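*Asks:* Here this note's numbering is used: the first residue of the sequence shown is 315, the next is one more, and so on.
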Amino acid sequence: MNEGPARNNLTVIQYNCGNANYRGARPFFDSLRPEKHHIIAIQEPAISKRNKATYTPPGYHLGIHPNQLTKTAFLISKEIKSSEWHWTHHNENLSSIRLTLREGTLRIINVYNPSPATRSSHTPSQIANTSEVVGQAIQEESEILLVGDFNLHHPEWGGPTASTDAHSTRLIQLINRANLTLLLPPGEITWERNEHRTTIDLAFGSTSIAQRLLRCEAKPGWGMQKDHHPVVVQLDLQTIRIPQTQKYAIKKLQTQEFRRELYTCLETAGLLPRQTQTRNPEDEGTGIPEDFRVRTPTTTEGIDEIIEETTEAIRASLEANCPKLRPSQYSRKTWSQECRDLVQERRKARRKATLSGEATDRQEAKRLRNKVKARIRDDTARAWREFVQEAAAEPLTTTKIWTLSRWARRKAGMPPAPPQIPPLRHTPDAETTTSFQGKADILKNRFFPPPTQADLSDIDQARHAYPPSITVDKEITRSHIEDTIKDLPIRKAPGPDDIQNETLKAAKQLISPALAAAFQACLTLGYFPRHFKNTTTIVLRKPGKKDYSLPSSYRPIALENTMGKVLEKILAKRLTDTLESHNLLPETQYGARKSRSTTTALTLLTATAQSVWNADPSKIVSVLSLDLSSAFDKVSPTRLLDTAKRKGLPEWLRQITAGFLKERTTSIAFDGNKTERIQVETGIPQGSPLSPILFLLFIAPLLERVNAMGGAKIGMGFVDDTNLITWGPKASTNCRSLEQMHKICEEWATESGASFAPDKYQLIHLTRQQKADTTATVNIPGFAGQPIDNLRVLGVWVDKKLKWTEHIRRTKDKGLAGLTALTRIVGSTWGLSFERTRLLYTAVIRPTICFGAEVWGIGDKGTGLPRYTIRHLKLLQNKATRLITGGFKNSPTTALERETGIPPIESYIRARTLDHALKVSTETAHRDILQRCRQIQWTQRKPAKWRRPRNTRTQGEPPKQAAAIVIQKAAEVTTATIGNPPGKRWLKEHWDRYWEKERQGKQTPIWLPLAKETGASLRKDLPRPVQSIITQLRTHAIGLNGYLARRRVPGISPECECKQAKQSIKHILLFCPLNTQGRAHMLLAAGTSDFNTLLTTKKGVQEAAKWIFQQGILQQFAYAKRMADKTEPTTEWKTLEFSEDEGDGNPNFL
315 MNEGPARNNL
325 TVIQYNCGNA
335 NYRGARPFFD
345 SLRPEKHHII
355 AIQEPAISKR
365 NKATYTPPGY
375 HLGIHPNQLT
385 KTAFLISKEI
395 KSSEWHWTHH
405 NENLSSIRLT
415 LREGTLRIIN
425 VYNPSPATRS
435 SHTPSQIANT
445 SEVVGQAIQE
455 ESEILLVGDF
465 NLHHPEWGGP
475 TASTDAHSTR
485 LIQLINRANL
495 TLLLPPGEIT
505 WERNEHRTTI
515 DLAFGSTSIA
525 QRLLRCEAKP
535 GWGMQKDHHP
545 VVVQLDLQTI
555 RIPQTQKYAI
565 KKLQTQEFRR
575 ELYTCLETAG
585 LLPRQTQTRN
595 PEDEGTGIPE
605 DFRVRTPTTT
615 EGIDEIIEET
625 TEAIRASLEA
635 NCPKLRPSQY
645 SRKTWSQECR
655 DLVQERRKAR
665 RKATLSGEAT
675 DRQEAKRLRN
685 KVKARIRDDT
695 ARAWREFVQE
705 AAAEPLTTTK
715 IWTLSRWARR
725 KAGMPPAPPQ
735 IPPLRHTPDA
745 ETTTSFQGKA
755 DILKNRFFPP
765 PTQADLSDID
775 QARHAYPPSI
785 TVDKEITRSH
795 IEDTIKDLPI
805 RKAPGPDDIQ
815 NETLKAAKQL
825 ISPALAAAFQ
835 ACLTLGYFPR
845 HFKNTTTIVL
855 RKPGKKDYSL
865 PSSYRPIALE
875 NTMGKVLEKI
885 LAKRLTDTLE
895 SHNLLPETQY
905 GARKSRSTTT
915 ALTLLTATAQ
925 SVWNADPSKI
935 VSVLSLDLSS
945 AFDKVSPTRL
955 LDTAKRKGLP
965 EWLRQITAGF
975 LKERTTSIAF
985 DGNKTERIQV
995 ETGIPQGSPL
1005 SPILFLLFIA
1015 PLLERVNAMG
1025 GAKIGMGFVD
1035 DTNLITWGPK
1045 ASTNCRSLEQ
1055 MHKICEEWAT
1065 ESGASFAPDK
1075 YQLIHLTRQQ
1085 KADTTATVNI
1095 PGFAGQPIDN
1105 LRVLGVWVDK
1115 KLKWTEHIRR
1125 TKDKGLAGLT
1135 ALTRIVGSTW
1145 GLSFERTRLL
1155 YTAVIRPTIC
1165 FGAEVWGIGD
1175 KGTGLPRYTI
1185 RHLKLLQNKA
1195 TRLITGGFKN
1205 SPTTALERET
1215 GIPPIESYIR
1225 ARTLDHALKV
1235 STETAHRDIL
1245 QRCRQIQWTQ
1255 RKPAKWRRPR
1265 NTRTQGEPPK
1275 QAAAIVIQKA
1285 AEVTTATIGN
1295 PPGKRWLKEH
1305 WDRYWEKERQ
1315 GKQTPIWLPL
1325 AKETGASLRK
1335 DLPRPVQSII
1345 TQLRTHAIGL
1355 NGYLARRRVP
1365 GISPECECKQ
1375 AKQSIKHILL
1385 FCPLNTQGRA
1395 HMLLAAGTSD
1405 FNTLLTTKKG
1415 VQEAAKWIFQ
1425 QGILQQFAYA
1435 KRMADKTEPT
1445 TEWKTLEFSE
1455 DEGDGNPNFL
């Protein structure tokens, strides 16, 4: 990646916000330009109560300690390469940045020293702490720039007439001891209030900094707040800028020209036939004859040559027909003309008040200041609401609405994430390192450790014990290539060659002949191309870790070249089909396999426990959850290939797998930088389509050995998650069995070069016996834990009684967090539409709260969970339907569910469990579980004289039989949904009967049937406020006096303002003399003046809602009405800036 020219004249601005609301300092922050103003040192920032951070303008990173008491913060320009600076929090009043420049390193220290003269200040002086940080900077041989609000007076910086504070001598001793120089001219006014002026915001620098000083001055015209003035320090230093990107703006690809150019390049290389007049290379290459064949390489060098020629042809065509991604003009906050005028008037009024000192002038300045704040608030809200509405209006094929939803769930309400990995250390006791190279070395040792010495002695001993090879198809045609490229996902990061999946899709028919020939030779020769072995490894945080200074809190993801992924997908499919068709993987190995999902794995665990309890309720089921340390990174290639040979995989497949695993190189990318190429000697790259199935093959012997022990022992795996299950009369007996099983695991780890982390193991004993002793634990070296009451298995919390109360509680918390996130982009008066909000709930939030419901929703007897358990989810869905519709809190839940088309949550879960139960008899994995459960019940049953007559059906059978009965009834009653799955047919029939029962005797419009209309069709293409008013009209829960008085709202009388009747919906729509404007037109458009017809027809309720909104009758929608009435277009908004050369202090508005 080419690095752009360095930016001259490093500019640092120091500004005390005075703990003001961020809107007060907002004009100053939004006037900053990241390419001009590089570092902003802030004192007393306004801290948000929600995210414990402060406002961050576009184009800047925020360095702040998330605490309400924080007094210092930094804004760092995104123009500066993120690997070249490091922010450090020392305490609430002291922070610093270590900045790497062309000339060396610079430590910028930001200080807030509380005033010693203020009685309310309980914070001790920060001079001693500052001296310690300055000493550290001197030891690391960094230049020093010390800025901040020191709240100290002395003639040395305040001028000859300045007073002297007692603590100022400490500051003078500090600057003398550190050989620092005052950069600000003595007597420069940095603080003023009315007639009081002084110098307390200071800037000091080391000798070299003072020699490179270009200017240091206060800017009284820049700030909006009273008291402190921004101080600008400009230095003749060069920052290291972010490198120019080499990624292509694929959305701007000129597809036809790209194909024409690519055809010419491939034709020149002999990888396409010569063009004729009948061929049309612009038409996706359809002019290529079906019988055309590229030269078939017979050597590995020939394969690499075709791959490299194809890659170069694609890159050359992209270079000519697709622009590169450019650093965009930062999305800057803009200001309406009114706001610009108000800001200008406010600054003029402030200067006038400062010069005159008159009370009237000060009052005028204060009035304009408050008016500016209100206008900024309105402009900000309007801009945000317009952005959300634009996202809602776009087709679902675009990503904006999903990106908005993801932002709301993950980032909204959180402090801005730093662009860097924090300082790292090898172990908890080691020292941290902040340098890029130091962090790279730590990550390298974690992600790509030296090969572990595996015990491979058994490989030579078994040289004659291998089974005959299985025949695997190794023919590759153009159609295989094109079909694989067609299935590639879009909007994925490219590999080192910067060719994206979208590019391959645009060129699939042009490159398929060359790739088919090269890939065919790869399979014939058992060779994996050299070009595909180079990757870029990005570093991702693992969520929920306690200490992110340890490398174990991060996960490496390999970004591979996209053409290499095409070959890997073909190999992965054929390897998977072979292993599955020949039953070469353990039955209890789940994940990355068809019909063996999380649900299947959870079914095995819960069905095993239920079956044991059905046979003998006194028995205990124990589960030990293992942790395989760096599972993918420590795969031994030799052991993996030997396992493949033992499974009978053909030689060509083993050879190409060996080529895939060996001689790989990668670069670790983080902090905006990349390391040099690293040789990877072991492991499987995470992110490769081939890696999951290879890991299943690698770990298969582990589960096979555990399951071969027989008896009451099961080894269950989900990719790299392994659980050992056993059962018996006592927990102590189970622990001895788990120790035996773990010994088998350790033997496998020794032979395979893998390693377990016993300190991360978890143990749980499952039982419903109140007096059962569940305190026993396993004796495994390195494991010091005790049995727990709740174990998280594949995202589902399993409690010791399988009552699922803990899982429901945590699910409720997740659902509430999702709904809270949704409120950031939708409300009753603004935001996403009814349809989009419903979509986000059903596609994002409901799947979250119903994850694993096929298992935990069955209940003990196959009839579902008890009402007291499921009630939390019902309340959660009630909140969701009110958010979707804009209804009041006491709106009937059943009616709102019908209005939104969202079935009751208990019925929805029931339908999912019925569908899952029917799969038990059709899918191989579930049949295996049923067979295992029947065997458990047969072998674990009590002797006849002690055993009560019990039903020996497994956990899966009751819901299956119940499902068959209910589905049969639904099929007899329901004829319009024959094409739906059985669960949906049952759900529709059950919901219809429940709805008819609930609405008996109710006359509110929302309970009355709508002819051929749904809640969505009533609100289609209407503004969000009107959609909410429709809900309130139909439920009669609306902000009119009659309803509010009935709900006993304090100070509300039911009487209408016209004094003629109670203020009800009927009175307002038809009779109130105060709201006659437009009423006749509304009734004419509605086509009726009958009240009931008006609220039960589509046209009637739409026109009524629009009229109420336009009349401004409901106070709830007053702000939305005011925003809708704004006539100033946002396209005329302009950016607010200030002049670098103010002269007399007048700002320059551009």
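The C-beta atom is built at its ideal place from N, Cα and C for all residues, glycine as well. This one's a predicted model, so the numbers in the text were calculated from it and none came from an experiment.
With distances taken from CA atoms, which of 1226, 822, 1179, 1160 is nearest residue 1191?
*Replies:* For this step, residue 1191 is matched to residue 877 along the sequence shown. With distances taken between Cα atoms, residue 1191 lies closest to 1160.
*Asks:* For residue 424 versus residue 461, is the C-beta spacing smaller than 8 Å?
*Replies:* Counting from one through the sequence shown, the residue named residue 424 turns up at place 110. Counting from one through the sequence shown, the residue named residue 461 turns up at place 147. Closer than 8 Å, so yes.
*Asks:* Report yes or no: is there a C-beta of chain C within less than 8 Å of the C-beta of residue 820?
*Replies:* Here chain C cannot be found, since the structure has a single protein chain.
*Asks:* Is there at least one non-hydrogen atom of the ligand FAD closer than 7 Å to the beta-carbon of residue 1107?
*Replies:* This structure simply doesn't include the ligand FAD, nor any ligand for that matter.
*Asks:* Run the CB neighbour count on residue 916, radius 10 Å, all protein chains shown included, and call it buried at 16 or more, exposed below.
*Replies:* For this step, residue 916 is matched to residue 602 along the sequence shown. Label assigned to residue 916: buried.
*Asks:* Please work out which residues of its chain come closer than 8 Å, Cβ to Cβ, to residue 800, disregarding the five sequence neighbours upstream and downstream, and give them in chain order.
*Replies:* Within the sequence shown, numbered from 1, the residue matching residue 800 stands at position 486. Closer than 8 Å at the Cβ level, and outside the excluded window around residue 800, lie 819, 822.
*Asks:* What does the alpha-carbon distance come out to for the pair residue 673 and residue 682?
*Replies:* Mapped onto the sequence shown, residue 673 falls at position 359. Mapped onto the sequence shown, residue 682 falls at position 368. About 14 Å.
*Asks:* For residue 1030, does the three-state DSSP call read helix, strand or coil?
*Replies:* For the purposes of this step, residue 1030 is taken as residue 716 along the sequence shown, with counting starting at 1. Reduced to three states, the DSSP call for residue 1030 is strand.
*Asks:* Do the segment 662-673 and the segment 697-707 touch if we need at least three Cβ pairs shorter than 8 Å?
*Replies:* By the Cβ test, the segment 662-673 is not in contact with the segment 697-707, since fewer than three Cβ pairs between them sit closer than 8 Å.
*Asks:* So, with DSSP's three-state summary, where would you put residue 509?
*Replies:* On the sequence shown, position 195 is the one that residue 509 refers to. Coil, per DSSP.
*Asks:* How is the alpha helix (DSSP H) around residue 702 delimited, first residue to last?
*Replies:* Counting from one through the sequence shown, the residue named residue 702 turns up at place 388. Per DSSP, residue 702 belongs to the alpha helix (DSSP H) from 673-707.
*Asks:* Please list, in chain order, all residues of the same chain as residue 1497 whose beta carbon is under 6 Å from its beta carbon, the five residues on each side excluded.
*Replies:* There is simply no residue 1497 to check, as the chain begins at 315 and stops at 1464 in what is shown.
*Asks:* Which value, in whole angstroms, describes the spacing of the CA atoms of residue 736 and residue 415?
*Replies:* Stepping through the sequence shown from its first residue, residue 736 is reached at position 422. Stepping through the sequence shown from its first residue, residue 415 is reached at position 101. Their Cα atoms are separated by approximately 20 Å.
*Asks:* Could you compute how far the alpha carbon of residue 1422 sits from the alpha carbon of residue 1131?
*Replies:* By 1-based counting over the sequence shown, the position of residue 1422 is 1108. By 1-based counting over the sequence shown, the position of residue 1131 is 817. Going by the C-alpha atoms only, they are around 33 Å apart.
*Asks:* Report yes if the CB atom of residue 257 is closer than 8 Å to the CB atom of residue 1209, and no otherwise.
*Replies:* The requested residue 257 is not part of the displayed model; the chain covers only 315 to 1464.
*Asks:* Per DSSP, residue 531 forms a beta bridge with which residues?
*Replies:* Taking the sequence shown and counting its residues from 1, the one referred to as residue 531 is at position 217. In DSSP, residue 531 forms a bridge with 546.
*Asks:* For residue 1398, count the other beta carbons within 10 Å of its own beta carbon; 16 or more makes it buried, fewer makes it exposed. Which is it?
*Replies:* Locating residue 1398 in the sequence shown gives position 1084, where the first residue counts as 1. Classification for residue 1398: exposed.
*Asks:* Rounded to whole angstroms, what's the CA-CA distance from residue 388 to residue 355? Just pull it up for me.
*Replies:* Indexing the sequence shown from 1 puts residue 388 at position 74. Indexing the sequence shown from 1 puts residue 355 at position 41. So the alpha carbons of these two residues sit roughly 5 Å apart.
*Asks:* Would you be able to state if there are at least three C-beta pairs under 8 Å between the segment 741-757 and the segment 839-846?
*Replies:* Counting C-beta pairs with one atom in each stretch, the segment 839-846 and the segment 741-757 have fewer than three that are closer than 8 Å, which means they do not touch.
*Asks:* Going by beta carbon distance, what residues of the same chain come within less than 6 Å of residue 1318, once the five residues before and after it are set aside?
*Replies:* Walking along the sequence shown from the start, residue 1318 turns up at place 1004. Cβ neighbours of residue 1318 beyond the five flanking positions: 1350.
*Asks:* Rounded C-beta distance between residue 1368 and residue 1389? I'm assuming under 8 Å.
*Replies:* Position 1054 of the sequence shown, counted from the first residue, corresponds to residue 1368. Position 1075 of the sequence shown, counted from the first residue, corresponds to residue 1389. About 17 Å; that fails the 8 Å criterion.
*Asks:* Report yes if the CB atom of residue 360 is closer than 8 Å to the CB atom of residue 368, and no otherwise.
*Replies:* Here the question's residue 360 lines up with position 46 in the sequence shown. Here the question's residue 368 lines up with position 54 in the sequence shown. For residue 360 and residue 368, yes; Cβs fall inside 8 Å.
*Asks:* Among the residues of its own chain, which have a CB less than 6 Å from the CB of residue 1167, if the five just before and after it don't count?
*Replies:* Position 853 of the sequence shown, counting from 1, holds the residue named residue 1167. Setting aside the 5 residues that flank it on each side, residue 1167 is surrounded in the same chain by 1223, 1226, each with a C-beta closer than 6 Å to its C-beta; the list follows chain order.
*Asks:* Take residue 883 and list the residues in its own chain whose beta-carbon comes closer than 7 Å to its own, dropping the five residues that flank it on each side.
*Replies:* In the sequence shown, the residue the question calls residue 883 occupies position 569. Hits under 7 Å: 798, 1003.
*Asks:* So, under 8 Å CB-CB, residue 406 and residue 384 are touching, yes? Tell me the CB distance rounded to an integer number of Å.
*Replies:* Here residue 406 refers to the residue found at position 92 when the sequence shown is read from its first residue. Here residue 384 refers to the residue found at position 70 when the sequence shown is read from its first residue. The beta-carbon separation of residue 406 and residue 384, rounded to 5 Å, stays under the 8 Å limit for a contact.
*Asks:* Tell me residue 541's beta-bridge partners as DSSP assigns them.
*Replies:* For the purposes of this step, residue 541 is taken as residue 227 along the sequence shown, with counting starting at 1. Bridge partners of residue 541: 506.
*Asks:* Taking its Cβ as the centre, do 16 or more other Cβ atoms sit within 10 Å of residue 1271, making it buried, or is it exposed?
*Replies:* Here the question's residue 1271 lines up with position 957 in the sequence shown. Any reading at residue 1271 must be qualified, since the residue scores a pLDDT of 47, below 50, and its modelled position is unreliable; the value itself is stated next. The residue in question, residue 1271, is buried, as its Cβ has 16 or more Cβ neighbours within 10 Å.
*Asks:* Return yes when the Cβ of residue 576 is within less than 8 Å of the Cβ of residue 627, no when it is not.
*Replies:* On the sequence shown, residue 627 is found 313 positions in, with the first residue counted as 1. On the sequence shown, residue 576 is found 262 positions in, with the first residue counted as 1. A contact, by the Cβ cut-off of 8 Å.
*Asks:* Please return the same chain residues whose Cβ sits closer than 7 Å to the Cβ of residue 997, not counting the five positions on each side in sequence.
*Replies:* For this step, residue 997 is matched to residue 683 along the sequence shown. Only 762, 946, 947, 948, 949 meet the Cβ criterion.
*Asks:* Would you mind sorting residue 1418 into buried or exposed? The rule is 16 or more other CB atoms within 10 Å of its CB.
*Replies:* Translated into positions along the sequence shown, residue 1418 becomes position 1104. Burial call: buried.
*Asks:* Spatial neighbours of residue 972 within its chain, please: CB distance less than 7 Å, with the 5 preceding and 5 following residues excluded, ordered by chain position.
*Replies:* On the sequence shown, residue 972 is found 658 positions in, with the first residue counted as 1. Only 951, 955 meet the Cβ criterion.
*Asks:* Can you list, in chain order, the stretches of the beta strand (DSSP E) that have 3 or more residues and sit fully within the segment 867-955?
*Replies:* 868-873, 934-941
*Asks:* Quick check: the Cα distance between residue 519 and residue 740, rounded to an integer number of angstroms?
*Replies:* Reading the sequence shown from its first residue, position 205 is the one you call residue 519. Reading the sequence shown from its first residue, position 426 is the one you call residue 740. Distance between the alpha carbons of residue 519 and residue 740: 35 Å.
*Asks:* Taking residue 1079 as part of the beta strand (DSSP E), name the residues at either end of that continuous run.
*Replies:* In the sequence shown, residue 1079 corresponds to position 765, counting from 1. Judged by DSSP secondary structure, residue 1079 falls within the beta strand (DSSP E) whose first and last residues are 1076-1080.
*Asks:* Which residue comes first and which comes last in the beta strand (DSSP E) that contains residue 1478?
*Replies:* In the structure as shown, the chain starts at 315 and stops at 1464, and residue 1478 therefore has no counterpart that could be examined.
*Asks:* What residue range is occupied by the uninterrupted alpha helix (DSSP H) comprising residue 1092?
*Replies:* Along the sequence shown, read from residue 1 onward, the residue named residue 1092 stands at position 778. Where residue 1092 is concerned, there is no enclosing alpha helix (DSSP H), given that its DSSP letter is neither H nor E.
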